[in-house]
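Quick note on numbering: the working numbering labels position 135 of the sequence shown as 123, and the sequence is numbered without any gaps. Below is one structure, written out as structure tokens; the observations come after it.
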Amino acid sequence: MLENLRTLGRVIRTLATKDPVTRVRRFYEIQSPNVEFAARTTRYMNVGYWEDGVTSLDVAGEALAMKLADAAGFKPDDTVLDVGFGYGDQDFAWLRERRVAKVHGINVTPRHVEHAQQRARREGLAEQAEFQLGNALALPFADGTFDRVVALESAFHFYPRSAFFAEAFRVLKPGGTLATADIIPLSNDTARMSINSGPLSFIKFSIPDENWHDRAGYAEQLTAAGFANADVQSIQDRTWEGWRRFQASRPSDPAFQAEADRSAVKGMANHWRDETLIKKELALLDYVIAVAHKP
């Protein structure tokens, strides 16, 4: 009960926050990691890429990270900038599986940065994986620094996303690539404030109107930032429903029940109870992999 009251207090504080950067930071401080990652083996926070038969967000989360890496065209000698890296699981996976030379991570949430820094030191990767606090709209790097810039389910927060595109263009080397995994509406006719289900409340409170446009608008903003060959592909059919099924099943999972307290289990069950509304609203959302190149 006490933790539920604390969570409610953090929600109220977040909603009252006017500064967009501070609001995003507070948004990611709402839920206790002990609940968010109960019965989990990773700290991926993305919705996942759900191949047939996959039932674990840990597996689906890494699959989405790898799909983004492949879309970006990661090569073993690449220097990569990951903007809005969460807890950094994907960065360690890219070092391990794609053998990139170095990953720099920028994030606005201190506990995310601290967690990733500690893991890098623990795994002896501090020279290859550097994480720091920073703003996506004012990247603390010189022009032409990176081979790839990526944003794994984070760019929808950036206020506005078009300014991030301009910054990504600036810090990329000529011939470099920007790739994002992102959340947008399927149609511009869908009003952002019409999304009312609890699990999708972040649509109302964490995505600014300036970022609420469909695939065509997304590609137009990439082109306006100077990028060439902007390609925005939907992977909606492999994202939202798998994520919904996983989250809705957690309250009845004995492993989750064993690690999360009773009030958290009950709260999550209530959060995901209205399956009809949630599925209806998810059908209005797209999920895209966008790729563009700096000439």
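All C-beta atoms in this analysis are idealised placements derived from N, C-alpha and C, irrespective of residue type, glycine included.
Beta-carbon spacing of residue i, residue j below 9 Å
{"i": "TRP231", "j": "GLY186", "result": "no"}
{"i": "THR168", "j": "LEU56", "result": "yes"}
{"i": "VAL35", "j": "THR227", "result": "yes"}
{"i": "ARG31", "j": "HIS92", "result": "no"}
{"i": "PHE73", "j": "ASP79", "result": "yes"}
{"i": "ALA143", "j": "ARG149", "result": "yes"}
{"i": "GLY61", "j": "ASN95", "result": "no"}
{"i": "PRO8", "j": "PRO196", "result": "yes"}
{"i": "PHE190", "j": "LEU45", "result": "no"}
{"i": "THR133", "j": "VAL101", "result": "no"}
{"i": "ARG11", "j": "PHE193", "result": "yes"}
{"i": "ALA81", "j": "ASP170", "result": "no"}
{"i": "PRO283", "j": "ALA216", "result": "yes"}
{"i": "ALA117", "j": "LEU69", "result": "no"}
{"i": "LYS267", "j": "GLU229", "result": "yes"}
{"i": "ALA139", "j": "VAL71", "result": "yes"}
Endpoints, the beta strand (DSSP E) within which residue i is located
{"i": "THR165", "result": "160 to 173"}
{"i": "ASP70", "result": "67 to 71"}
{"i": "VAL35", "result": "Neither: VAL35 is in no beta strand (DSSP E) and is coded neither H nor E."}
{"i": "ALA246", "result": "From DSSP, ALA246 is part of no beta strand (DSSP E) but of the alpha helix (DSSP H) over 242 to 247."}
Whole-angstrom distance between residue j and residue i, CA atom to CA atom
{"i": "GLN19", "j": "LEU166", "result": "30 Å"}
{"i": "PRO173", "j": "ALA151", "result": "20 Å"}
{"i": "LYS63", "j": "GLY214", "result": "23 Å"}
{"i": "MET256", "j": "ARG203", "result": "32 Å"}
{"i": "ARG107", "j": "TYR206", "result": "34 Å"}
{"i": "LYS90", "j": "PHE119", "result": "11 Å"}
{"i": "SER175", "j": "GLU24", "result": "31 Å"}
{"i": "PRO98", "j": "LEU272", "result": "33 Å"}
{"i": "THR264", "j": "HIS281", "result": "40 Å"}
{"i": "GLN221", "j": "TYR275", "result": "8 Å"}
{"i": "LEU188", "j": "TYR37", "result": "18 Å"}
{"i": "MET33", "j": "GLU111", "result": "21 Å"}
Boundaries (first-last residue) of the alpha helix (DSSP H) holding residue i
{"i": "ASN22", "result": "21 to 24"}
{"i": "ASP46", "result": "45 to 60"}
{"i": "HIS259", "result": "250 to 259"}
{"i": "ILE284", "result": "Since the displayed the chain opens at -11 and closes at 283, residue 284 lies outside it and no answer follows."}
{"i": "VAL12", "result": "8 to 15"}
{"i": "ASP79", "result": "77 to 81"}
{"i": "ALA143", "result": "Looking at the DSSP string, ALA143 is not in any alpha helix (DSSP H), and its letter there is neither H nor E."}
Among the options, the one whose alpha carbon lies nearest that of residue i
{"i": "ALA243", "options": "THR67, ASP7, ARG28 and TYR75", "result": "ARG28"}
{"i": "GLU85", "options": "TRP200, GLY112, GLN209 and GLU50", "result": "GLU50"}
{"i": "PRO21", "options": "GLU269, ALA248 and GLU115", "result": "ALA248"}
{"i": "GLY164", "options": "ILE266, THR43, GLN245 and ALA218", "result": "ALA218"}
{"i": "LEU113", "options": "ASP77, PRO128, ALA139 and LEU127", "result": "ASP77"}
{"i": "ALA26", "options": "VAL279, VAL253 and ASN258", "result": "VAL253"}
{"i": "MET181", "options": "PHE157, PRO239, GLU269 and ILE223", "result": "GLU269"}
Beta strand (DSSP E) runs wholly inside the stretch 91 to 136, at least 3 long, in chain order:
117 to 121
Let me know the alpha helix (DSSP H) ranges lying completely inside the stretch 169 to 225, each 4 residues or longer, listed in chain order.
189 to 194 and 203 to 212
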